[in-house]
Every structure is written in structure tokens, then in C-alpha cells.
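Asker: Per my numbering, the very first residue in the sequence shown carries number 3; after that it's consecutive.
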Amino acid sequence: MGMSSTLSDRQALWAFVLGCVAVTAGVVAHLPMFAMARTMHYRLAGMPMDAGMIAGMGLIVAGTLVAAYGLLPRDLRAQRLAAADLVVAAPEDAPLGVGHWGLMAVLVIALVIDVMKPASLGFTVPGMIAEYGVPKKTVSLVPFFALAGTVTGSVLWGWIADIYGRKASILLSAVMFVGTSICGAMPSLAWNIAMCFMMGAAAGGMLPVTYALLAEMMPNRHRGWSLVLVGGLGAVGGYFAASGVSAVLQPIFGWRILWLANLPTGLTLVLLGALIPESAKFLLARGRVAEAEAVMRRFGATARRIAPTRVATGNAHALTGVRLYGKLAALSACALSWGLINFGLLLWLPADLVARGYSVGVSSRLLAESALIAFPTVFVAALLYSRWSTKWALVTMIALTLAGLLLVLRLEVAGGGSPVLPVALLIVGSNGIIAIVLPYAAESFPLRVRARATGWVAACTKAGGLLAQAVTIVGVTVSMGRAALLVMAPTALSLLLVARFGRETRGRDLRELDVDDA
């Protein structure tokens with residue numbers, strides 16, 4: 003019922019179904035070449051693509067476009083005008099019900115699938131270096147373009163979600179995930195780079211869309227910790243899924259299996275769409291009032307029209323005040339540090355462990371154990387954020403990250419030892435940071451600059467990763483210990499700045515920011 007309701011007001015249900023079938027068929031067309039390479043441990047580098055594979059690529063592109071057309075709502079202009087001044091939110095004191103918990107569970111699974119894609123990059127790097135016979139700086143182009151894709155997706159997917167609706171945008175993202183699984187059969191490194199950009203574009207918008215859907219459905223007093231919990235579980239779960247699949251399947255099928263896993267996980271995400279409610283705001287804008295009211299009753303939400311705001315003049319939108327600049331610098335440094343760790347240290351860690359003599363299976367198992375240790379701490383982060391302090395919960399996560407960096411440095415200096423505890427602390431701290439920093443940023447700035455400031459902080463998370471990969475691409479070789487030492491500087495700076503300029507937002511009316519920090 004949920005899926006049919008979503009597709010009932012679109013251009014064509016048959017087009018979406020046909021697009022999904024075409025994309026899946028295009029991926030399946032690549033599997034024979036992968037299977038034929040089993041006697042060579044699934045090494046395909048340099049092999050020519052046959053006619054079936056080329057036709058399959060055409061099916062994927064065409065299928066994605068057809069599916070996108072099928073999901074496109076009718077009469078977009080009227081929809082956008084109707085939604086312009088419409089706000090849907092749950093009251094402050096609305097209780098949590100089965101619907102809220104069910105939505106959170108489904109979105110956690112969706113984010114695990116989403117995060118698993120870029121998290122798999124680190125586990126494919128050793129295999130790509132060995133198979134393609136290229137240096138590390140060349141293979142760095144793969145994560146670099148994947149991250150560039152996430153930046154593109156972060157901007158593009160917000161626009162797509164406004165047009166297609168939250169639920170339909172997740173479905174479209176899932177279709178793109180299915181298509182990117184052909185990376186597992188691409189004989190050329192260049193094609194892998196191109197498909198990784200597409201994968202990043204699909205993954206980049208999932209977290210903002212998830213946050214937007216939760217913000218609309220969750221009561222205000224439960225919004226902060228629910229965002230932290232869903233984001234944190236999705237991040238840790240995605241890393242655990244990537245490392246677990248690598249530990250179990252990569253020793254048998256090689257690194258390419260991590261990309262081919264996008265086929266079943268992407269199709270799973272399409273099926274999960276039936277359990278995700280359509281946005282009430284989208285339904286109201288489409289004139290489907292009865293359905294919107296049913297969704298709002300389920301989640302205790304209400305809709306209201308807001309008065310149009312006057313266009314500000316002069317200096318009204320300037321970011322002024324030492325405290326505002328301090329907060330922006332603090333959260334920017336925090337986000338930048340997270341990007342350096344997540345898309346630098348953690349991404350290259352599997353290759354570093356393999357270089358130290360660990361097998362691919364053993365190194366993946368060690369990292370999976372680290373993620374498993376980190377898993378329950380997400381609940382602690384959400385509890386600290388909601389029950390103790392929003393500011394000091396973030397400071398605590400930064401401190402744990404610093405402790406993990408110190409232990410990674412110690413591991414390098416000692417020349418041996420188990421990486422499980424250092425990596426567990428890094429995963430705990432870094433995933434706690436990314437789960438908290440964006441909700442905290444949204445609660446820390448006055449309304450006149452809130453969207454721009456939060457968007458800037460989100461961009462800094464990607465900038466850290468792009469910087470980490472750019473350093474490798476230009477040929478600068480940095481050991482894992484030295485990299486940990488270098489990342490400590492912005493991480494320690496962010497700890498000091500958040501402690502100094504961060505403001506407590508728990509239980510606070512955010513309108514006070516417009517008075518206190520102007």
C-alpha cells in the first residue's frame with residue numbers, strides 16, 4: 003500500500019518498474035564476465051568488454067532515466083506553489099508511538115546500506131592496487147571522485163527531494179545504487195572512477211533527506227537524540243557491514259564482490275521504500291489531504307501555513323559577533339577533522355594493515371571487530387546528547403577521537419600490536435562526531451544564518467576527505483602514524499574551540515539565539 007500510494011500520483015508506475023527491471027538486467031549482463039574470471043581469482047584488468055556488457059551499460063543509463071521519469075510528480079508548478087509556505091511538524095510534547103520507532107528502524111537500515119557504499123572504498127583499495135598495477139596515488143582518484151560525487155549529491159538531492167518527495171528520492175537513490183554495482187565487473191580503472199562518482203552522487207543526498215524526513219515526523223523534544231541515534235547507527239552499521247562483507251567474501255571472490263554487493267542491497271532499499279511513509283508536506287502540496295492527515299495522525303504531526311517573510315535589506319543576513327564566528331570556526335574544524343579521519347585514515351587503514359603483513363581477510367575481520375565494539379556506544383552518544391548536554395556530548399566525542407589518534411600513533415611507534423582498540427575508538431569518536439555535529443550546528447545558529455552555517459559545516463566534512471585524497475594524488479606519502487599526528491592538530495583545535503564557543507542547546511528555545519547572538 004505504501005509503495006502504491008507513493009507511485010499513484012506520478013507520471014507512470016509502469017515506467018518506474020520498467021526502469022528498475024532495466025537497471026537490474028544491465029547489471030546481470032555483466033556477471034558472466036565476472037564468473038568467467040574465477041580461474042584468475044576474479045581479476046579482469048585489461049580484458050575487453052563484450053557486446054553484452056556494453057548493452058548492459060546502456061540499459062543501466064536508460065533504466066535510471068526511465069525510473070526517474072516514472073517517479074516524477076505531475077503538475078510540478080502547482081505543487082511548488084502549494085508547498086512554499088507550508089510547515090509540517092509534530093508538537094513539542096507529542097509522545098513517541100510505534101510509527102516513530104518503526105520509521106527510525108527503517109531509516110537506520112537505509113543509512114546502513116547508504117554508508118556501506120563509500121565505506122567499502124577502503125577495502126577495495128589493496129585489491130585495485132594489486133590488480134591494476136598502479137601506485138597508491140593513482141588509485142586515490144577512486145575515493146576522490148566518489149567524494150566529489152557526494153558533494154554533488156548533497157546539493158542535487160535536496161532539490162530532487164523537494165520535487166519528488168522524500169520517499170521517492172530515496173527510491174531513485176536506490177535505483178542508482180543498483181546500477182553502480184557494475185563497478186565489480188569493470189576491467190578498466192577509468193570506468194571504476196566514473197561509476198564511483200555516480201555512487202557518491204547517489205549516496206551524498208541520503209543523509210540530508212533522512213534528516214529532513216525525521217525532522218518532519220519526530221516531536222521537537224525527541225528530534226535531537228533521534229537524529230543522533232539514526233545517524234550514528236547508520237554510520238557504524240555501514241562500516242561494520244562493509245568490513246564484514248570484506249572479511250567473509252573478499253578472500254573468496256576478490257575485491258570486486260564489494261561493488262557487486264550493491265545489487266542485492268540496492269534492491270533491498272527499493273523494497274524498504276514500502277515501509278517509509280510519504281512526506282505529509284508533499285501529500286498536502288499534491289492535494290492528497292486524506293492521505294496527509296492519515297500520516298500526520300500516525301506521527302502526531304500538524305500542518306500550518308506561515309506568513310510570507312519580508313525580504314531583508316542591508317546587513318541583516320551578515321554573520322556577526324565573536325561568538326558566532328567562534329562557533330562557526332569550532333564546528334568547521336570539527337567537521338574538517340572528521341573528513342580527514344573518515345576519508346583519510348580509516349579509508350587507507352585496510353591497505354596499511356595489508357602492507358604490514360595482514361591478509362585481506364584478517365585485516366577486514368579486525369576492522370569489523372572494531373566496528374562491533376563501537377556499535378553500542380551510539381546509544382550512549384544519543385543519551386548524552388538528549389539527557390546530559392548537547393555541547394559536552396560533542397566535546398566528549400572529539401576527545402574519544404583524539405584518544406584513538408594517539409593510540410594509532412602509539413601503534414606506529416611501537417611497530418606492532420592489535421589495531422582493534424585504536425580503530426574502535428576512532429570509529430566511536432568519528433561516528434559520534436558526524437552523528438552530532440550537523441544536528442548541533444542546526445541548533446546553534448540564529449535563523450537568519452542557520453541554513454548557510456549548517457550547509458557550510460556539512461561541506462567541511464566533504465572538504466576534509468577531498469583534502470586527504472588530494473594529498474595522496476599529488477604523490478605525498480605519509481605513514482599512518484604521521485597522518486594521525488597531523489590530524490591531531492585540527493582535532494585538538496576543534497576540541498578547544500567547541501569547549502570555548504559552543505552553546506548548550508538542550509531544552510532551549512532556538513528563537514533565543516536571534517536575541518543572544520545577534
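A virtual CB, placed ideally from N, CA and C, is assigned to each residue, including glycine.
Values in this document were obtained by computation on a predicted structure and should not be read as measured data.
(1) Helix, strand or coil for Pro50 per DSSP?
(2) Which first and last residues belong to the alpha helix (DSSP H) in which Tyr134 is found?
(3) How long is the line joining the alpha carbons of Leu423 and Ala437, rounded to whole angstroms?
(4) Which runs of the alpha helix (DSSP H) fall wholly inside the region 360-415 and span at least 4 residues, in chain order?
(5) Going by CA-CA distance only, name the one from Ser388, Phe377, Ser228, Ala335 that's closest to Gly467.
(6) Answer yes or no: do Val430 and Ala376 have a C-beta to C-beta separation smaller than 9 Å?
(7) Pair every Cβ in the region 171-191 with every Cβ in the region 55-71, then say whether three or more of these pairs are closer than 8 Å.
(8) Taking DSSP's pairing of strands, which residues face Leu279 in a bridge?
(9) Could you tell me whether the region 133-148 touches the region 266-283, where touching means 3 or more Cβ pairs closer than 8 Å?
(10) So, are the CB atoms of Ile203 and Thr152 less than 9 Å apart?
(11) Identify which residue in Val110, Leu33, Ala443 has its Cα closest to the Cα of Arg505.
(12) Please report how far the alpha carbon of Ala170 lies from the alpha carbon of Leu20, in whole angstroms.
(13) According to DSSP, simplified to helix, strand and coil, what is Pro221?
(14) Could you name the residues of the same chain whose beta carbon sits closer than 7 Å to that of Ala494, not counting the 5 residues immediately before and after it, in chain order?
(15) Who are the near neighbours of Thr315 in its chain, counting only those whose CB is closer than 8 Å to its CB and skipping five residues on each side?
(16) Go ahead and label Ala57 buried or exposed: buried means 16 or more other beta carbons lie within 10 angstroms of its beta carbon, across all protein chains shown.
(17) Tell me whether the region 223-238 and the region 105-114 touch, counting them as touching only if at least three CB pairs, one residue from each stretch, are closer than 8 Å.
(18) Please determine, among Val439, Val397, Thr474, the residue with the shortest C-alpha to C-alpha distance to Ala460.
(19) Taking 9 Å as the cut-off, decide whether the C-beta atoms of Ala39 and Gly65 are in contact.
(20) Do three or more CB pairs link the region 186-200 to the region 338-351 at distances below 8 Å?
(21) For Thr126, which residues of its own chain have a beta-carbon under 6 Å away from its beta-carbon, when the five flanking residues on both sides are left out?
(22) Please confirm whether Leu61 and Ala24 have their CB atoms less than 9 Å apart.
(23) Please state whether DSSP places Pro352 in a helix, a strand or coil.
(24) If distances are taken between C-alpha atoms only, which option among Ser228, Phe503, Ser388, Ser391 comes closest to Thr2?
(25) Taking the alpha carbon of Val415 as the point to measure from, which residue in Gly155, Leu231, Met482, Phe36 has its own alpha carbon closest?
Answerer: Looking at the atomic coordinates:
(1) Taking the first residue of the sequence shown as position 1, residue 50 is located at position 48. Note: Pro50 maps to coil in three-state DSSP.
(2) The count along the sequence shown starts at 1 and reaches residue 134 at position 132. Start and end: 123-134.
(3) Your numbering for residue 423 matches position 421 in the sequence shown. Your numbering for residue 437 matches position 435 in the sequence shown. Roughly 21 Å between the two C-alpha positions.
(4) 362-376, 379-385
(5) Within the sequence shown, numbered from 1, the residue matching residue 467 stands at position 465. Of Ser388, Phe377, Ser228, Ala335, the residue nearest in Cα terms is Ala335.
(6) Here residue 430 is taken as the residue at index 428 of the sequence shown, counted from 1. Here residue 376 is taken as the residue at index 374 of the sequence shown, counted from 1. Yes.
(7) yes
(8) For the purposes of this step, residue 279 is taken as the residue at position 277 of the sequence shown. It is Pro, not Leu, that sits at residue 279 in the sequence shown. Answer is none; Pro279 lacks a bridge partner.
(9) No, the region 133-148 is not in contact with the region 266-283.
(10) Residue numbering aside, residue 203 sits at position 201 when the sequence shown is read from its first letter. Residue numbering aside, residue 152 sits at position 150 when the sequence shown is read from its first letter. For the record, residue 203 in the displayed sequence is Ala; it is not Ile. Cβ distance < 9 Å, so Ala203 and Thr152 count as in contact.
(11) Sequence index remark: in the sequence shown, residue 505 carries index 503 (1-based). If we check each option's Cα against that of Arg505, Ala443 comes out closest.
(12) Against the sequence shown, residue 170 aligns to sequence position 168. Against the sequence shown, residue 20 aligns to sequence position 18. Cα to Cα, the separation comes out at about 16 Å.
(13) Numbered from its first residue, the sequence shown carries residue 221 at position 219. Look at Pro221 here: in three-state DSSP terms it is strand.
(14) Taking the first residue of the sequence shown as 1, we reach residue 494 at position 492. These residues qualify, in order along the chain: Leu404.
(15) By 1-based counting over the sequence shown, the position of residue 315 is 313. In this predicted model, Thr315 has a pLDDT of only 42, less than 50, meaning its place in the structure is not dependable enough to derive any value.
(16) Within the sequence shown, residue 57 is the residue found at index 55, counting from 1. Flag for Ala57 reads exposed.
(17) Yes, since at least three Cβ pairs between the region 223-238 and the region 105-114 fall closer than 8 Å, the two stretches touch.
(18) As a first step, residue 460 is located in the sequence shown; it is residue number 458 there, counting from the start. The residue from Val439, Val397, Thr474 with its alpha-carbon nearest to that of Ala460 is Val439.
(19) Walking along the sequence shown from the start, residue 39 turns up at place 37. Walking along the sequence shown from the start, residue 65 turns up at place 63. In this structure, Gly65 does not lie closer than 9 Å to Ala39 by Cβ.
(20) no
(21) Position 124 of the sequence shown, counted from the start, is the residue given in the question as residue 126. Contacts found: Trp257, Leu260.
(22) Along the sequence shown, one-based indexing puts residue 61 at 59. Along the sequence shown, one-based indexing puts residue 24 at 22. Contact flag set, yes.
(23) Residue numbering aside, residue 352 sits at position 350 when the sequence shown is read from its first letter. Judged by DSSP in its simplified three-state form, Pro352 adopts helix.
(24) Summary: the structure shown does not reach residue 2, with the chain confined to residues 3 through 520, and so no result is reported for it.
(25) To locate residue 415, count along the sequence shown from 1; it is residue 413. Of the listed residues, the one whose Cα sits closest to Val415 is Met482.
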